[in-house]
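*Asks:*
Protein chains: 2
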Amino acid sequence: MRRPSMKELAERLGVDRSTISRALSEDKAHLVAPETREKVRKMAVDSGYRPDLTAAALRRGRSQTVGVLVPDLENETFINVIRTIIGSLNSGDGTPATTPLIAETQDRPSAAQRLIETYLSRRVDAIISLASTEADEEILAEAAREVPVILAVRSLAALSLPSALCDDREGGAIVARYFAERGHKTVCQVRGPLLATTFNNRAQGFSAVCAEKGIKEPPEAIHAEHATSAAGKKTLDAVLQTSPRPTAIFAHNDALAIGLIEAIRERGLRIPEDIAVAGFNDIKMAQVLATPLTTVAYPIEEVGEHAAQLVRSLITGDPAPGQSVPFIPKLVIRRTT
Amino acid sequence: MRRPSMKELAERLGVDRSTISRALSEDKAHLVAPETREKVRKMAVDSGYRPDLTAAALRRGRSQTVGVLVPDLENETFINVIRTIIGSLNSGDGTPATTPLIAETQDRPSAAQRLIETYLSRRVDAIISLASTEADEEILAEAAREVPVILAVRSLAALSLPSALCDDREGGAIVARYFAERGHKTVCQVRGPLLATTFNNRAQGFSAVCAEKGIKEPPEAIHAEHATSAAGKKTLDAVLQTSPRPTAIFAHNDALAIGLIEAIRERGLRIPEDIAVAGFNDIKMAQVLATPLTTVAYPIEEVGEHAAQLVRSLITGDPAPGQSVPFIPKLVIRRTT
DNA sequence: ACATCCTTTGCAATCGATTGACAAGCTAAT
DNA sequence: ATTAGCTTGTCAATCGATTGCAAAGGATGT
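Residue numbers (the numbering used here), protein chains in the order written: chain B, -16 to 320; chain V, -16 to 320.
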C-alpha cells in the first residue's frame, strides 16, 4: 500500500493535520499532549509515513539544503573539507539534517554561474564556495544578496564574505624557512594555475622568505597548467633548465609534487640527494610513496569545521562572527627533503 | 528589490499566473500566443524572476533531482562515472536540468539506509546506486517500490534492477590471459574488500583462466583491507611470502597496484623484471608513474551513459530496456608488465 | 461561583507553481 | 446563419506541510 500523507494520517487518527505536524516536529512537540504525541508517532512509524520535504520546504521557505561548489571533485583535499562540513552540519542533535547539493565548476565561471542559479532556484539555505576565482566575484556577490554565501579554502580579496581559510601565505613561508634551514641556496617553485588566490598566496609567502634569507629563485616563474600530477610531471624540464640548478622544489600541491617525483625518478636522479621536493596538502598518497613526501598539512578539520559553523550561524541568523583568522598549516617532514 | 514571484509577475503584466507558467515552460509554451509569450519572457528576465523549484516540485510530484550513492568520493573512477551520468542527464535540450544529490556511504549499510530515506523524503525522481553491497539489498528493493532505482558499477545478483555495469569477470580474465601470454607460471591476486561483487567477479574471471591455462595461484587469497594504495602497500609482504614466489601480481584496482609498486620500490626490486604488476581502472596516475602502469581501462563512458539513459527512460516511463549487457573493459599495456 | 490561566486541539490561510476545465473570441465550413 | 473547431487566456483546485489565531476544556485561585 502506498505511503500515507499527513492528511491521511490525520484522518486515520481522527485528529487534525496540524496536530500531526506538531507531534512529529522537534521544536513544536511540546504543544501536543504526551499521550497524543506517542499515538501519532507510533502510527507514523507503523504506517510508514514519510514527510514530504518539498512541501515542507515550500511552506517554511527553507529547504534544509546547502549548495556546495567545488572546482574539482577529484581533489582529495576539497573532498575532505566537504566531508568535514557535511559531518559537522549533520552532527547537531536537534537540528534537522541538511542535504548538500554538491557540484563541480571545473573553474569555469559559466558553470559556477549556472550552478548558483540552480541553487537559488532550489532555495538552498546557504551556499558554500570552495571554488571561488576572481571571475566569480560578481556572481557570488549577487548571490550573497539573496542567501548566505560562505567562502572556504579559496578567498576572494575584493569580497568581504564570511570565510574559512588556510593561511597559504604562511604555508609557503614555512617551506621556505625549512629550505633555508636545510642549507638550500637555490630553490624553485612549481606553481599551480593562477585562477585562485591559493597558489598566489603560497608563492608570495615563499618568495618573501627567500628574499629575506638570500635564497635564490629563478627569475621566471614556472606554472603548471593544472594542479595535477600529470601537469607537474611536465614542468620538470623547465625546472632543470634554470641555472643555477635548484636543489629544492616547492610544489604548490602534492599532486604536482608527485608528478615531479615521478619525472625525477624517470630521469634517474636521486631524491633528496640530487633534488629535494616538498608539496602542499598532505594527501594520503604522500605517505604511500616509496620515499614519503615532505609536505605542508592542510588544516582540513579546522577549515571545514569553521565553514560549517559559519553556515549554521548565518542560517539561524545569529550574529555572524566578524573577520575570521585563517588557520595555520603544519609542515610534515618526511623523506623527500 | 526582492525578486518577484510568479504571482507578482502576473499582476504587473495584467495576465493570469497560469499564462506566465505556460509561457515560461518548455512544453506548454505553444498554448500561449507568441506575442504574449515574448512579453512574458522579457518581463521575466528584466525583473530577475527566478522560478521556485520547491513549489514546482510539490505541485508536479517530480523534483527534478536524482539521488546518487557512491561508496567513496575519493575514488576517481566513481567520480568519473558520476560526471558522465550528470553530463548526459543535463545534455538533453528540452529536458529541464536535473540536479544530482550526491552522497557517500563509505560502504556502511546504515549510511546507505539513512541516505535513501532522505532521498525519498526529498522526492527524488530516481536513485542511482554505485554503492550497492549485499547488505543493502533489502533497502534498495524497498526503495525500488517507490521510485526507479538504477544500479551502476556494482551489481547485485539477488536483485533484478536495471543496471549499467562493467564486465568485471571478463576484465579479470583478460589480465590472466595476458599473463599467460607473457609466460608467467605463478601469479597472485591482491583482492579488494569482499563487500561488493566487483572484486569477486574480477577474481573469478582471473582464476578461471589461470586454472584453464595451468597457471599457479597461491592457495590462500590475499585481501587488502580497503581498495586504497595504503592498503595495497601493506599486502606486499603477504605476496612475497607465498611460495613459489609469483612473478606477476594482478591488483584489483589501480590504487592497490600503486601501493604495491611503491612497496616494491622500497624493497629495491625491479618492475617488471623481478615482479610484474597490473591494475584495474586506468586512473590518471597510472600514466604518470615513472614506469607507467599496465591496467584494465574501465568503460567509464559506456557505463555512465547507459546509467543516464536508464534513468531517463525510467523517469519518463518509457519501456525500460530489458537486461543490459555489461560493457567489456580493455587492457592497456604499459611498462609494469 | 466566577474570573483567569494554561494546556491541548482545531481552523484556515499560506508557501509558489502547475494544470484540468472552461469561456470568450475568432475563423472556417456547411 | 449556424455550427464546429481552434486559439488564447482565466478560474480555481491542488500538491503536502506549517503556523498564527482562536476555541474548548480543565485546573486553579479568590
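Yeah, the Cβ is synthetic: ideal placement off N, Cα and C, and Gly gets one too.
(1) Distance cutoff 8 Å, beta carbons only. Does Glu249(V) sit that close to anything in chain B?
(2) Sort Ser104(B), Ile244(B), Ala261(B), Glu284(B) by Cα distance to Thr274(V) and report the nearest one.
(3) Work out the CA separation of Ile85(B) and Val53(B) for me, nearest whole Å.
(4) Return yes when the Cβ of Leu123(V) is within less than 8 Å of the Cβ of Ser138(V), no when it is not.
(5) Rounded to whole angstroms, what's the CA-CA distance from Arg91(V) to Arg165(B)? Just pull it up for me.
(6) Comparing the C-beta of Arg33(V) with each C-beta of chain B, is any distance below 8 Å?
(7) Using a Cβ-Cβ cutoff of less than 7 Å, which residues in the same chain neighbour Ala73(V) once the five nearest sequence positions on both sides are dropped?
(8) Identify the continuous beta strand (DSSP E) that holds Ala135(V) and give its terminal residues.
(9) Determine the extent of the alpha helix (DSSP H) in which Glu200(B) is found, giving its start and end residues.
(10) For Ala38(B), return the contacting residues in chain V, with the cut-off set at a CB-CB distance below 8 Å.
(11) Distance cutoff 8 Å, beta carbons only. Does Leu314(B) sit that close to anything in chain V?
(12) Please compile the residues from chain V whose C-beta is within a distance smaller than 7 Å of the C-beta of Glu59(B).
(13) Let me know if Leu177(V) comes out buried or exposed under the rule of 16 or more other beta-carbons within 10 Å of its beta-carbon.
(14) Which residues of the region 209 to 232 of chain B have a Cβ closer than 9 Å to any Cβ of chain V? Give them in chain order.
(15) How far does the beta strand (DSSP E) with Thr82(V) in it reach, from first residue to last?
(16) Rounded to whole angstroms, what is the Cα-Cα separation between Ala(-7)(V) and Pro17(V)?
(17) Is it buried or exposed for His13(V), if we count other Cβ within 10 angstroms and need 16 for buried?
(18) Taking a cut of 7 Å between CB atoms, which residues from the region 101 to 125 of chain V lie near chain B?
(19) State the start and end residues of the unbroken alpha helix (DSSP H) segment that holds Arg97(V).
(20) For Asn264(B), report the span of its beta strand (DSSP E) as first-last.
(21) Measure the beta-carbon distance from Val170(B) to Asp108(B) and round it to whole angstroms, keeping in mind my assumption that it falls under 8 Å.
(22) Taking Phe182(V) as the reference, which of Ser143(V), Phe233(V), Pro83(V), Cys193(V) has the closest Cα?
(23) List the residues of chain V that Ser46(B) touches, going by C-beta distances under 8 Å, in chain order.
(24) Would you tell me roughly how many angstroms separate the C-alpha atoms of Ser115(V) and Ala140(V), rounded to the nearest one?
(25) At the level of alpha carbons, what is the spacing between Arg5(B) and Thr278(V)?
(26) For chain V, find out if any of its Cβ atoms is closer than 8 Å to the Cβ of Thr271(B); answer yes or no.
(27) Let me know if Asp220(V) comes out buried or exposed under the rule of 16 or more other beta-carbons within 10 Å of its beta-carbon.
(28) On the premise that Ala127(V) lies in contact with Leu144(V), defined as a C-beta separation below 8 Å, what is that separation, rounded to the nearest angstrom?
(29) Three-state secondary structure (DSSP) at Ala280(V)?
(30) On the criterion of 16 or more Cβ atoms from any shown chain inside 10 Å, does Asp35(V) qualify as buried, or is it exposed?
(31) Cutting at 8 Å between CB atoms, please list the residues of its own chain near Val(-2)(V), excluding the five before and the five after it.
(32) Have a look at the DSSP bridge pairing and note the partners of Lys313(V).
(33) Do Ile298(B) and Thr67(B) have their C-beta atoms within less than 8 Å of each other?
(34) Do we get a CB-CB distance below 8 Å when we pair Leu262(V) with the residues of chain B?
(35) Using alpha carbons as the reference points, say which of Thr320(B), Ala213(B), Cys149(B) lies closest to Thr230(B).
(36) Within this structure, are the beta carbons of His235(B) and Ala210(B) separated by less than 8 Å?
*Replies:* For this structure:
(1) yes
(2) Ile244(B)
(3) 7 Å
(4) no
(5) 46 Å
(6) yes
(7) The question names Ala, but residue 73(V) in the sequence shown is Asn. Correct list, in chain order: Ala80, Thr81.
(8) 132 to 135
(9) Glu200(B) -> no alpha helix (DSSP H), and no H or E assigned at all.
(10) Leu41
(11) no
(12) Glu57
(13) exposed
(14) Thr211, Ser212, Ala213, Gly215, Lys216
(15) 82 to 87
(16) 17 Å
(17) exposed
(18) Thr101, Leu103, Ser104, Arg105, Arg106
(19) 92 to 104
(20) 259 to 264
(21) At roughly 46 Å, the Cβ-Cβ gap does not stay under 8 Å, so Val170(B) and Asp108(B) are not in contact.
(22) Phe233(V)
(23) Thr37
(24) 11 Å
(25) 57 Å
(26) According to the sequence as given, residue 271(B) is Val; it is not Thr. Taking Cβ atoms only, chain V reaches closer than 8 Å to Val271(B), which makes this a yes.
(27) exposed
(28) 6 Å
(29) strand
(30) buried
(31) Thr19, Val23
(32) Ala280(V)
(33) no
(34) The question names Leu, yet the displayed sequence has Gly at residue 262(V). No, no contact with chain B.
(35) Thr320(B)
(36) yes
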